[in-house]
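Colleague: First residue of the sequence shown: 428, per my numbering; consecutive thereafter.
Below is the structure I would like to discuss, written out as C-alpha cells.
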Amino acid sequence: MARYNVCELLAEAWRRAEEARSGRRVLRLNSSQQKAVDILVRVMKGSAKAPLGGVQGPPGTGKTSVVESFVHDHMADMLDDMLDELVIYVAPTNHLAAQAFERVAAALLARGYTLRDIVDRARVYGSKVTVRDCEKVFRAKGVDESPPSETALKSMVYGPVDPSVVRIVFATEYQRVSGRFTSKPGRIHLVVDEASKSPYYRAFISIADAIMRYSDYPASLVALGDPEQAITVPEAFRAQRVSLLMNKVMHLVRQHGLERDNFVMLDTTYRLPGPSEQPISHGFYDDRLRAYEPAHWRLRSLRELFEDARTRVERMLRSTVSWSTELDRLFNAVYEAVTSEKPLVVVETGEFSASRTASTYDKRRTKLGLEVSLILQAYAKAARELGSYAEPSTMVIAPYSDIVTNVAFNFKHNYGQYFDPPLSATVQAVIGGEADAVVAILGKEYSGRSDYDPWVDDNFYQTMYYNEPQVLNVQLSRHHKLMVVIGAVGKLARAGGSWAGRRLSRTAQKMQELAEQGDAVRVRLA
428 MARYNVCELL
438 AEAWRRAEEA
448 RSGRRVLRLN
458 SSQQKAVDIL
468 VRVMKGSAKA
478 PLGGVQGPPG
488 TGKTSVVESF
498 VHDHMADMLD
508 DMLDELVIYV
518 APTNHLAAQA
528 FERVAAALLA
538 RGYTLRDIVD
548 RARVYGSKVT
558 VRDCEKVFRA
568 KGVDESPPSE
578 TALKSMVYGP
588 VDPSVVRIVF
598 ATEYQRVSGR
608 FTSKPGRIHL
618 VVDEASKSPY
628 YRAFISIADA
638 IMRYSDYPAS
648 LVALGDPEQA
658 ITVPEAFRAQ
668 RVSLLMNKVM
678 HLVRQHGLER
688 DNFVMLDTTY
698 RLPGPSEQPI
708 SHGFYDDRLR
718 AYEPAHWRLR
728 SLRELFEDAR
738 TRVERMLRST
748 VSWSTELDRL
758 FNAVYEAVTS
768 EKPLVVVETG
778 EFSASRTAST
788 YDKRRTKLGL
798 EVSLILQAYA
808 KAARELGSYA
818 EPSTMVIAPY
828 SDIVTNVAFN
838 FKHNYGQYFD
848 PPLSATVQAV
858 IGGEADAVVA
868 ILGKEYSGRS
878 DYDPWVDDNF
888 YQTMYYNEPQ
898 VLNVQLSRHH
908 KLMVVIGAVG
918 KLARAGGSWA
928 GRRLSRTAQK
938 MQELAEQGDA
948 VRVRLA
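Written as C-alpha cells, this is what we have:
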C-alpha cells in the first residue's frame, strides 16, 4: 500500500524548484492552458462574471501544469493578500492530492518561499499521507535549507487549519476539512481535481448551484476533469443518475452563457504521438484534440532500437517461443509500424468469442495480446543488453480482468525466465497511467438486445462499451509511442445509432481511416 511521506514530497519539490531557478525546467503553456490559468485567476480574484469555472482536460493535456503555472505566476503573489481566504484543493485519491502538493510547493519555492513558509501556510490531509524520518530524507536529497521541525511538519499533516495563517489545503474527497477550522474563513476557493470521475463530489454540486444563485455566496469553485474519461463511477450511482460535478459545472456555465469566459477544453495532448490521437479526438472531442508531437519525432529512438536489434530479437523469440505464421505476421507488423514511424497497429480479429454469453474471456484475443507483448518485451531485453538504448515500457490493457489476468499469468509462467513481464491491468486500473507501448485488447463489441437502447440489457459487463463508451477512450489513450489494438474494429465501426454507439463508431472508423491512408499498420487475423 503506497504511503506518501510529506518530507519526501517537500524534498522533491525542493529539487524541482532548484531546476526551475537554474533554468533547466521551464513551464511553457499552450493557448488553451493559458486560458485555463486565466480562468483560475479571474475566478479567485472575483473579476470573472461568475465565481465558477471549468477546465476539461482530455488525456495527457497537462491539467497539473496549469495548476503549477497558476501558483508560480499568480498565487505566489496573492497568498499574503488573501487575508482570511482559503484555497482548498480536493482530489479523489491520496496520490493525486500528494502530487498536487508537491508541484505547488515546488512552484512556491521557486518564487522565493522557504520550506518554513510552506509548512506554515499549507496543510496536506490524506489517509495515506505521513511524516517520518524528515531529517534523514532532507539530508539524503541534498536539501541545504534548514528544515522545519518535525513538530511543525506533523502539524501540516495532522494539525488544524487556522484561516488567519493557513492559505492552502490539499485533501482527498474523504477528508472533512471544515471540521479542522479554528475559525470560519471569510471566503473559500475550491479547486476540485478529476471532478468528472467521482460521484462522492456530489456535496459540491449544491455549492455550485449556490454560487450561481447568490452573488454574495462566500465561495468560488473551479472544477478540473474530463467527463469523457469518467469510468470509475459505481453502478449504484449510475443507476440512480447521480450527477458528476464536472457535468454540473459545464451545464451551469452554458446555461448562463459563460462558456466562452469561464470554461476551456485543453486541446493539446503531450502524451499521444500524432496521428494516434485522432481516433479519440474524432470519437469523443469533435476533432478538437491534437497531438503536440508527431510520431516521427516520438518514435525515432524506438525505430533505431528496432532496426539495430531485429535479428537479435527474432533469434531470442525463435529459441523460446513456438514460431508460427501468426507470430511472424505480428512480428513484421510491429516492426513495420515502428520503423516506418507509425504509432498505431490495428490487429483485426473476429467477433468476441463469448459475445452473447456472460463470459468475459476471449482465448484468441488473449493469445494475440500475449504474443505482441512477447515481441515488445524481447525488444526491451535487447535494449538492456545493448546498453545504448532506453528500455521501452509495455502495458497490456483490457476492460476485463479475465483477459489481463490470463496474459499476466501465462507470460510469467511460460516466458518469465526469459523476459520481464509487462504491466497488465484493466482499463479501470490505469487512469492517469501510461507506457511507451500499449497493447489494447478490446472487449465485447456487442451492444445488447437493441442497438438503439443498450440500457435494456442489465448485464453491464456484457455491453460495457455501450454503457460506458469512456472505457474505450481511456483504453486508447495510454501510449507514449506505440499502440497495438486487438479486436473487431470493423464491427465497432458499425456500432448502433445510440449516443454511445456514435462515439464508438466514430473512434473505430478513424482507426480504419488511418490504416487505409497508410498512417497505421493493419493486419487481419480473423
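Glycine residues also receive a C-beta, built at the ideal position from the N, C-alpha and C atoms.
Specify the secondary structure class of phenylalanine 846 as computed by DSSP and reduced to three states.
Modeller: Coil, per DSSP.
Colleague: Just the Cα atoms here: how many angstroms apart are phenylalanine 711 and alanine 736?
Modeller: 38 Å
Colleague: Label histidine 678 either buried or exposed according to how many other C-beta atoms from any shown protein chain fall within 10 Å of its C-beta, with 16 as the threshold for buried.
Modeller: exposed
Colleague: Is DSSP giving proline 721 helix, strand or coil here?
Modeller: DSSP places proline 721 in strand when its eight states are reduced to three.
Colleague: Let me know if histidine 709 comes out buried or exposed under the rule of 16 or more other beta-carbons within 10 Å of its beta-carbon.
Modeller: buried
Colleague: Tell me whether valine 592 sits in a helix, a strand or coil according to DSSP, three-state version.
Modeller: coil
Colleague: Going by DSSP in three states, tyrosine 474 sits in which element: helix, strand or coil?
Modeller: According to the sequence displayed, residue 474 carries serine and not tyrosine. Of the three classes helix, strand and coil, the one that applies to serine 474 here is coil, per DSSP.
Colleague: Which term fits alanine 867, buried or exposed, when burial requires 16 or more other beta carbons within 10 angstroms of its beta carbon?
Modeller: buried
Colleague: In terms of residue numbering, what span does the alpha helix (DSSP H) encompassing aspartate 863 cover?
Modeller: From DSSP, aspartate 863 is part of no alpha helix (DSSP H) but of the beta strand (DSSP E) over 862-868.
Colleague: Inspect the CB distances between the segment 490-499 and the segment 516-534 and report whether three or more fall short of 8 Å.
Modeller: yes
Colleague: Here's the rule I'm using: 16 or more other beta-carbon atoms within 10 Å means buried, otherwise exposed. How should valine 453 be labelled?
Modeller: exposed
Colleague: Under 9 Å between the Cβ atoms of glutamine 939 and valine 773?
Modeller: yes
Colleague: Going by beta carbon distance, what residues of the same chain come within less than 6 Å of arginine 739, once the five residues before and after it are set aside?
Modeller: Sequence-distant Cβ neighbours of arginine 739 in its own chain, meaning closer than 6 Å and more than five residues away, are Ala809.
Colleague: What number of angstroms, rounded off, separates the C-alpha of isoleucine 707 from the C-alpha of alanine 579?
Modeller: Isoleucine 707 and alanine 579: Cα-Cα distance of roughly 47 Å.
Colleague: Consult DSSP for isoleucine 858 and reduce its assignment to one of helix, strand or coil.
Modeller: coil
Colleague: Grab the span of the alpha helix (DSSP H) containing phenylalanine 631 for me, first residue to last.
Modeller: 630-640
Colleague: Leucine 617 and leucine 648 look like a contact to me (Cβ under 8 Å); what is the Cβ gap, rounded to whole Å?
Modeller: That belief holds up - the Cβ atoms of leucine 617 and leucine 648 are roughly 4 Å apart, short of 8 Å.
Colleague: Give me, in chain order, the residues of the same chain whose beta-carbon lies closer than 6 Å to that of lysine 490; leave out the 5 immediate sequence neighbours on both sides.
Modeller: Gly484 and Leu651
Colleague: Are the Cβ atoms of proline 478 and valine 468 separated by less than 9 Å?
Modeller: Inclusion of proline 478 and valine 468 in the CB contact set at 9 Å is not warranted, their separation being larger than that value.
Colleague: Give the single residue among Val482, Glu775 and Glu572 whose Cα lies nearest to the Cα of arginine 949.
Modeller: Glu775
Colleague: With a threshold of 8 Å on Cβ separation, who are the neighbours of aspartate 511 within its own chain once the five nearest residues in sequence on each side are excluded?
Modeller: Pro590, Ser591, Pro612, Gly613 and Arg614
Colleague: Is tyrosine 641 buried or exposed, if buried means 16 or more other CB atoms sit within 10 Å of its CB?
Modeller: Taking a 10 Å sphere around the C-beta of tyrosine 641, we find fewer than 16 other C-beta atoms and assign the residue as exposed.
Colleague: Quick check on DSSP: helix, strand or coil for serine 582?
Modeller: helix
Colleague: DSSP three-state label for glutamine 939, please.
Modeller: helix
Colleague: With DSSP collapsed to three states, give me the class of aspartate 878.
Modeller: Unreliable placement is indicated for aspartate 878, whose pLDDT of 45 sits below 50; the coordinate value is still reported in the next sentence. Aspartate 878 falls in the coil class under three-state DSSP.
Colleague: Suppose the cutoff is 6 Å on Cβ atoms and the five residues either side in sequence are ignored; what does the same chain contact list for valine 514 look like?
Modeller: Ile595 and His616
Colleague: Excluding sequence positions up to five away, which residues of its chain have a Cβ less than 7 Å from the Cβ of arginine 920?
Modeller: Residue identity differs from the one stated: residue 920 is alanine in this sequence, not arginine. Taken in chain order, the residues that qualify are Ser932, Ala935, Gln936 and Gln939.
Colleague: Residues in the same chain with beta-carbon distance under 7 Å from tyrosine 765, minus the five sequence neighbours each way, listed in chain order, please.
Modeller: The residue you asked about is not tyrosine; residue 765 is valine in the sequence shown. Contacts found: Leu726, Leu729, Arg730, Phe733 and Leu909.
Colleague: Return the chain-ordered list of same chain residues with a C-beta closer than 6 Å to the C-beta of glutamate 720, the five sequence neighbours on each side being excluded.
Modeller: Around glutamate 720: Pro700.
Colleague: Along the beta strand (DSSP E) that carries histidine 683, what are the first and last residues, could you check?
Modeller: Premise fails: histidine 683 is in no beta strand (DSSP E) and is neither H nor E.
Colleague: Starting from threonine 752 and walking both ways along the alpha helix (DSSP H), at which residues does that stretch end?
Modeller: 752-766
Colleague: Considering only the alpha carbon of each residue, which of Ala549, Thr832, Gly917 and Ala953 lies closest to arginine 756?
Modeller: Ala953
Colleague: Going by C-alpha distance, which of Thr787, Pro702, Glu812 and Tyr788 is nearest leucine 771?
Modeller: Just measuring C-alpha positions, the residue of Thr787, Pro702, Glu812 and Tyr788 sitting nearest leucine 771 is Pro702.
Colleague: If you run the structure through DSSP and keep just helix, strand and coil, what is phenylalanine 887?
Modeller: Residue placement at phenylalanine 887 is flagged as unreliable, the pLDDT there being 49, under the threshold of 50; the coordinate-derived value follows with that caveat. If DSSP states are grouped into helix, strand and coil, phenylalanine 887 belongs with the helices.
Colleague: Report back the beta-carbon spacing between leucine 716 and aspartate 620 to the nearest angstrom; my notes put them in contact at under 8 Å.
Modeller: Taking the Cβ atoms as the reference, leucine 716 lies roughly 20 Å from aspartate 620, outside the contact range of under 8 Å.
Colleague: Do glutamate 778 and glutamate 895 have their C-beta atoms within less than 9 Å of each other?
Modeller: no
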